[in-house]
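Using this note's numbering, the letters of the sequence shown map in sequence onto residues 3 to 192. Reading through the structure tokens given below for one structure.
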Amino acid sequence: MSGDFYWFTQQEDKIIIAAVDCTGHGVPGAFMSMVGNTLLNQIVIERGITRPAEILNQLHQEIRSALKQEEDSYSRDGMDIALCTIHQDVHILEFAGANRPLFFLKNQALEEIAGDKMSIGGVRRHNERPFQNHIIKLQEGEECTIYLSSDGYADQFGGAQNRKFMVRNFKRLLVELSRQQSLKSQHLNL
Numbered sequence: 003m004s005g006d007f008y009w010f011t012q013q014e015d016k017i018i019i020a021a022v023d024c025t026g027h028g029v030p031g032a033f034m035s036m037v038g039n040t041l042l043n044q045i046v047i048e049r050g051i052t053r054p055a056e057i058l059n060q061l062h063q064e065i066r067s068a069l070k071q072e073e074d075s076y077s078r079d080g081m082d083i084a085l086c087t088i089h090q091d092v093h094i095l096e097f098a099g100a101n102r103p104l105f106f107l108k109n110q111a112l113e114e115i116a117g118d119k120m121s122i123g124g125v126r127r128h129n130e131r132p133f134q135n136h137i138i139k140l141q142e143g144e145e146c147t148i149y150l151s152s153d154g155y156a157d158q159f160g161g162a163q164n165r166k167f168m169v170r171n172f173k174r175l176l177v178e179l180s181r182q183q184s185l186k187s188q189h190l191n192l
């Protein structure tokens, strides 16, 4: 059982993808995953909302309502999420994040767009503001690789010294994977 899950759907010419990291481990994390998955289905598939920031704003309100996280509640249950909508017809990617970034590789260079520094659900934040949308224009025919993730990889312990993998090593890994894939593609094209 896990509190991390991936979610996606296609709505007409749009592909919506999310990487979600719910609070809790084991049964509590799995419960939050079920709640998050159900609410994403309702917001996107049933109501037709496809703008990432609007999805996150709705999800935040509905998590707080479903878990009865009122003004004086100390419940910290919630989730961090990276969510993007790919508009296939106009070559645009929209992104919004709740404590999670979007990584993308173009021309072997890794770029990062930070999500907002706030979670979905949990204790009410002072000066609560809506989530922000980020737009990336994609060129037709341009190769671009998009990465959405939870913090699971970067927080993983291992290696000879049993240390955390860390975000900087995760970024290096993404670039290295891209280089290896590029070399494989060149080899196949010869």
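From the three backbone atoms N, C-alpha and C, an ideal C-beta is built for every residue, glycine too.
Which same chain residues, not among the five before or five after residue i, have their C-beta less than 6 Å away from its C-beta?
| i | result |
| --- | --- |
| THR87 | LYS16, ILE18, THR52, PRO54 and GLU96 |
| HIS2 | Within the shown structure, residues of the chain are numbered from 3 to 192, placing residue 2 beyond reach of any answer. |
| ILE148 | PHE106 |
| PHE133 | ALA55, LEU58, ASN59, ALA98 and ASP118 |
| HIS189 | Caution applies to HIS189, whose pLDDT of 38 falls short of 50 and renders its modelled position unreliable; the model cannot decide the point. |
| GLN13 | THR52 |
Is residue i buried or exposed, if buried means 16 or more other CB atoms sit within 10 Å of its CB?
| i | result |
| --- | --- |
| PHE159 | exposed |
| ASP91 | exposed |
| ALA111 | exposed |
| ASN109 | exposed |
| ALA162 | exposed |
| HIS62 | buried |
| LEU176 | buried |
| ILE1 | Outside the displayed range of the chain (3 to 192) lies residue 1, so it cannot be described from this structure. |
Looking only at its own chain, which residues have a Cβ that is under 7 Å from the Cβ of residue i, when we skip the five neighbours before and after it?
| i | result |
| --- | --- |
| SER187 | Residue placement at SER187 is flagged as unreliable, the pLDDT there being 49, under the threshold of 50; the coordinate-derived value follows with that caveat. Excluding residues within five positions, none has a Cβ falling inside 7 Å. |
| GLN44 | none |
| GLU130 | none |
Is residue j closer than 8 Å to residue i when the C-beta atoms are compared?
| i | j | result |
| --- | --- | --- |
| LEU41 | TRP9 | no |
| ILE65 | ILE122 | yes |
| PHE25 | MET81 | First, the residue type needs correcting, since residue 25 is Thr and not Phe in the sequence shown. A contact, by the Cβ cut-off of 8 Å. |
| LEU104 | SER180 | no |
| PHE33 | VAL22 | no |
| LYS139 | HIS93 | yes |
| SER35 | SER4 | yes |
| ALA20 | LEU85 | yes |
Tell me which residue opens and which closes the beta strand (DSSP E) that residue i is part of.
| i | result |
| --- | --- |
| ILE115 | 111-115 |
| ILE194 | Not covered by the structure: residue 194. The range shown for the chain is 3 to 192. |
| THR11 | 6-13 |
| THR52 | Here THR52 belongs to no beta strand (DSSP E), and DSSP marks it neither H nor E. |
| ILE45 | Where ILE45 is concerned, there is no enclosing beta strand (DSSP E), given that its DSSP letter is neither H nor E. |
Leaving out five residues before and five after residue i in sequence, what residues of the same chain have Cβ atoms less than 8 Å from its Cβ?
| i | result |
| --- | --- |
| LYS119 | ASN101 |
| LEU192 | Low per-residue confidence applies at LEU192: pLDDT is 35, beneath 50, and the placement is therefore not dependable enough to give any value. |
| SER2 | Residue 2 is absent from the structure shown; the chain starts at 3 and stops at 192. |
Over what stretch of residues does the alpha helix (DSSP H) that includes residue i continue unbroken?
| i | result |
| --- | --- |
| THR40 | 28-42 |
- Task: Tell me the start and end of each unbroken beta strand (DSSP E) in the region 57-122 that is at least 3 residues and wholly inside, in chain order.
- Result: If we require 3 residues or more, the beta strand (DSSP E) runs fully inside the region 57-122 come out as 80-89, 94-100, 104-108 and 111-115.
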